[in-house]
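Taken in sequence, the protein lines are chains A and B. The letter at position 277 of the first sequence is residue 277 when you use UniProt numbering, and the numbering goes up by one with no holes. The letter at position 118 of the second sequence is residue 118 when you use UniProt numbering, and the numbering goes up by one with no holes. The beta-carbon is built from N, C-alpha and C at its ideal position, and this holds for glycine as well.
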Amino acid sequence: MDKILEVKNLHVDFDTYNGVVHAIRGVDFHLNAGETLAIVGESGSGKSITVRSILQLLAKNGTISQGEVLYHGDDLLQRSDKEMDKLRGNKISMIFQDPMTSLDPTMTIGKQVAEPLLIHNNVSKKDALKRAEEVLRLVGIPNPKARMNDYPHQFSGGQRQRIVIAIAIVNYPEILIADEPTTALDVTVQAQIIDLLKELQQKIGTSIIFITHDLGVVAGIADRVAVMYAGRLVEYGSVNDVFYNPQHPYTWGLLDSMPTLDTSESDRLNSIPGTPPNLLNPPKGDAFAPRNAYAMAIDEEEQPPFFKVSKHHYAATWLLHPDAPKVTPPASILKRYEKFKTLGGNVENV
Amino acid sequence: MAKYILKRILYLFLTLFIIATITFFMMKMLPGTPFSNENRMSAEQLKIVKAQYGLDQSVFVQYVRYIGGLLQGNLGTSFQFNNEPVTALIGQRIVPSMQIGAQAMVVGTIGGILLGAIAAIRKNTWVDTLATFISILGLSIPSFVLAVLLQFYLAYKWKIYPVALWDNFQSSVLPTLALSALPLGTVARFMRTEMVDVLSSDYIELAKSKGNSNWKVVTKHALRNSLIPVVTIIGPMAVSVMTGSMVVENIFSIPGIGEQFVKSITTNDYPTIMGLTIFYSFLLIIVYLIVDILYGLIDPRIRLGNGGKE
């Protein structure tokens with residue numbers, strides 16, 4: 001498959017009153033044409049910052065200190081802000097988390113949807129508005145013609161997120177970055193938005209990077225999953241790899257804290273004890289070690305490299321080192337391994 | 001919209017009536033009479049003069065008479081200023097005051113919006129510090145001090161503008177500048193605070209992610225949204241600038257209305273006090289009405305009669 005985007009060794013620092021926060025500490029991933037990559041992790045793990053770095057939309061105190069963002073092999077980090085403007089909203093666009101605050105309250109939605117068209121294409125205002133109307137219909141705004149001149153406050157949350165999506169896709173981008181697009185919505189609307197994104201992907205053939213902390217959402221949309229913790233990836237692979245053959249204890253913890261159909265009302269949901277490390281002073285070893293019941297001495301000393309699990313499945317945990325002792329994952333994870341076998345996967349390295 | 005404005009105009013007259021009533025009785029509570037300073041008048045003469053002006057009647061009768069005149073558009077005759085009708089008195093004097101006030105508001109508001117916007121865009125840089133410094137100076141230096149300074153340098157030393165004259169546009173420049181400092185400082189501070197907020201909002205990030213240049217993000221999205229609270233303060237400020245220009249008018253020898261107002265109060269010139277109070281109130285209410293209409297134009301969320309769904 002064609003890699004249309006590749007992020008290599010990305011490091012992002014934030015200058016704060018308390019010192020420099022190393023928010024992203026060496027992230028590598030790529031995006032294949034036409035696929036959906038989900039990046040999951042808890043709040044503050046650096047998911048949003050990672051994808052914002054692709055478009056260089058960081059807050060003023062943030063700097064990309066190292067790394068490359070290759071778009072068709074061309075490093076975007078070498079481009080000026082003006083050159084990036086040509087890409088933003090055109091080839092690569094973004095959907096934001098909170099539809100209630102993402103739209104300009106003083107501009108009609110027709111104009112807001114037409115704006116990227118007018119910026120990037122040589123079209124008349126009339127044609128752009130006509131096209132905006134079509135896209136609003138495409139994302140499921142009823143009676144778009146009549147609603148073009150309405151303002152954001154006249155729409156519901158779900159409708160506003162549809163409008164935000166319309167803005168993002170109006171130029172048929174190659175890459176769509178969706179930063180927790182369903183987090184602020186209630187569950188039924190969430191499902192509608194996910195379906196919409198899938199449908200749009202089929203129609204316009206865009207690749208999607210989908211950021212979320214909700215694993216349930218991931219299963220519904222992603223082809224591949226990358227798990228992020230404390231500014232680094234800890235595991236990545238296909239959805240089946242990560243859901244049914246997870247290798248990193250952090251992934252185990254995440255999966256374990258997700259309610260399943262077997263969870264009864266009286267069950268307590270599991271959670272991962274402790275809190276993520278303070279990235280003002282990132283730990284020397286594996287950042288997850290202090291919260292990890294399976295941590296070994298070396299986890300305190302040295303960051304684990306990525307070990308290959310299968311062809312496209314990697315995990316950064318010392319447990320995969322040939323010299324590491326065999327550990328038994330939690331029962332719920334073992335159940336997942338069983339399922340993985342029925343899916344035709346090989347649980348080789350366990 | 002038309003219905004709304006009509007309703008507001010109706011309220012305007014009601015408000016004016018209430019203001020006229022309150023002012024009338026408060027004014028009558030002031031000690032002395034319009035003729036207290038006329039020492040040469042005998043008690044007999046004073047009585048005749050008072051009767052002539054109807055001041056020998058009870059306060060209530062005077063009030064009814066005054067309101068009666070008011071309804072016919074008659075503001076009475078000044079006791080002090082050559083027995084001129086109050087309407088004529090205001091009519092002549094109001095033009096220079098309004099001109100300077102309006103010019104100062106335009107200069108101050110536009111200048112303040114620009115200054116505040118630049119400060120917000122260049123937040124935490126020397127540009128921001130300089131802009132803040134200027135706006136604090138504008139807020140804290142009294143307009144008469146600034147007036148004298150401007151007069152000394154721009155008129156007396158460098159002879160660019162006349163020292164104190166009321167003639168052509170040239171002569172209005174210095175008083176306009178002196179009066180614009182306060183609105184400039186106030187608007188700049190409001191604008192900066194609001195724009196800093198707006199610039200960090202989600203819809204600005206989205207606007208940037210669409211591929212807008214930084215300039216377009218500011219002009220198409222940030223500016224308009226930042227103006228909403230600024231519009232609110234412009235109303236009362238406009239009134240205070242247009243009415244509070246007395247000292248500045250004095251310094252530049254401008255035949256404005258401010259002087260008359262103060263003189264009329266110190267001499268118990270009842271019809272002039274009433275006339276000016278009603279006129280100023282009228283002005284204030286009209287300005288507020290304009291602000292409310294402007295507000296709706298800028299912010300669709302408070303636009304009238306379009307039946308917002310929320």
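Which whole-angstrom value is the C-beta distance of residue i and residue j, which I expect to be below 8 angstroms?
i, j, result
"V69/A", "L76/A", "4 angstroms"
"P271/B", "V86/B", "5 angstroms"
"A222/A", "T36/A", "5 angstroms"
"residue 438/A", "H22/A", "Summary: the structure shown does not reach residue 438/A, with chain A confined to residues 1 through 350, and so no result is reported for it."
"K8/A", "G67/A", "6 angstroms"
"Q161/A", "L185/A", "6 angstroms"
Only counting the same chain, and skipping five residues up and downstream in sequence, which positions put a Cβ closer than 7 angstroms to that of residue i?
i, result
"R224/B", "I298"
"A222/B", "M195, V198, L199 and I204"
"S156/A", "none"
"G32/B", "N268"
"I141/B", "A181"
"D65/B", "Residue identity differs from the one stated: residue 65/B is Arg in this sequence, not Asp. The answer, listed in chain order, is G54."
"I265/B", "I273"
"P325/A", "none"
Closer than 6 angstroms by C-beta to residue i: which residues in its own chain qualify, once you throw out the five before and the five after it? Chain order, please.
i, result
"V61/B", "none"
"A316/A", "V234, P304 and F306"
"L12/B", "I285"
"P105/A", "P152"
Can you give me the C-alpha to C-alpha distance between residue i and residue j, rounded to a whole angstrom?
i, j, result
"G307/B", "P152/A", "Annotation note: pLDDT 43 at G307/B (below 50); position unreliable, coordinate value reported separately. Distance between the alpha carbons of G307/B and P152/A is about 13 angstroms."
"I118/B", "S253/B", "36 angstroms"
"T108/A", "R301/B", "11 angstroms"
"P255/B", "M242/B", "14 angstroms"
"P183/B", "R192/B", "14 angstroms"
"Q45/B", "Q52/B", "11 angstroms"
"K309/B", "D150/A", "The predicted model places K309/B with a pLDDT of 38, which falls under 50 and marks its position as unreliable; any figure quoted below should be read in that light. Going by the C-alpha atoms only, they are around 10 angstroms apart."
"S257/A", "R122/B", "45 angstroms"
"P229/B", "V107/B", "18 angstroms"
"D128/B", "K28/B", "52 angstroms"
"M274/B", "F24/B", "7 angstroms"
"Y294/A", "D286/A", "12 angstroms"
"R137/A", "P144/A", "6 angstroms"
"L139/B", "I9/B", "33 angstroms"
"S281/B", "T219/B", "36 angstroms"
"G216/A", "F133/B", "54 angstroms"
"F190/B", "L294/B", "17 angstroms"
"S53/A", "I64/A", "7 angstroms"
"K135/A", "A128/A", "Per the sequence shown, the amino acid found at residue 135/A is Val instead of Lys. Each residue's Cα considered, the two are about 10 angstroms apart."
"D241/A", "D13/A", "31 angstroms"
"E302/A", "P282/A", "12 angstroms"
"Q190/A", "E338/A", "30 angstroms"
"K159/B", "R93/B", "27 angstroms"
Please confirm whether residue i and residue j have their CB atoms less than 8 angstroms apart.
i, j, result
"G26/A", "R232/A", "yes"
"V248/B", "L179/B", "yes"
"H213/A", "G41/A", "yes"
"T260/A", "E235/A", "no"
"S102/A", "D202/B", "yes"
"G211/B", "H120/A", "yes"
"I209/A", "V51/A", "yes"
"I4/A", "I211/A", "no"
"V187/B", "G112/B", "yes"
"I95/A", "D195/A", "no"
"A219/A", "F243/A", "yes"
From what residue to what residue does the beta strand (DSSP E) around residue i run?
i, result
"A230/A", "Note, A230/A: premise wrong, no beta strand (DSSP E); not H, not E."
"G110/A", "Note, G110/A: premise wrong, no beta strand (DSSP E); alpha helix (DSSP H) at I109 to H120."
"R25/A", "G19 to N32"
"S93/A", "I92 to I95"
"A315/A", "H313 to A315"
I'd like the span of the alpha helix (DSSP H) that includes residue i, first residue to last.
i, result
"G62/A", "Where G62/A is concerned, there is no enclosing alpha helix (DSSP H), although the beta strand (DSSP E) it sits in stretches over G62 to Y71."
"E205/B", "D202 to S209"
"K8/A", "First-last for K8/A: K3 to T16, but that is the beta strand (DSSP E), not the alpha helix (DSSP H)."
"L176/A", "Here L176/A belongs to no alpha helix (DSSP H); instead the beta strand (DSSP E) covers I175 to D179."
"S180/B", "Q170 to L199"
"S143/B", "S143 to L150"
"I54/A", "K47 to L55"
For residue i, I'd like the list of residues in its chain whose CB is within less than 8 angstroms of its CB, leaving aside the five on either flank, ordered along the chain.
i, result
"R131/A", "A114, L117, V123 and V170"
"E348/A", "Because E348/A carries a pLDDT of 47, less than 50, the predicted location of this residue cannot be relied on, and the following value inherits that uncertainty. Once the five neighbours on either side are set aside, the close Cβ partners of E348/A are V309 and S310."
"V291/B", "V231, T232, I234 and G235"
"E84/B", "T77 and S78"
"I278/B", "L16, I19, A20, T23, L70 and L75"
"I163/A", "P99, L103, I109, Q112, V113, L136, V139, I141, P152 and F155"
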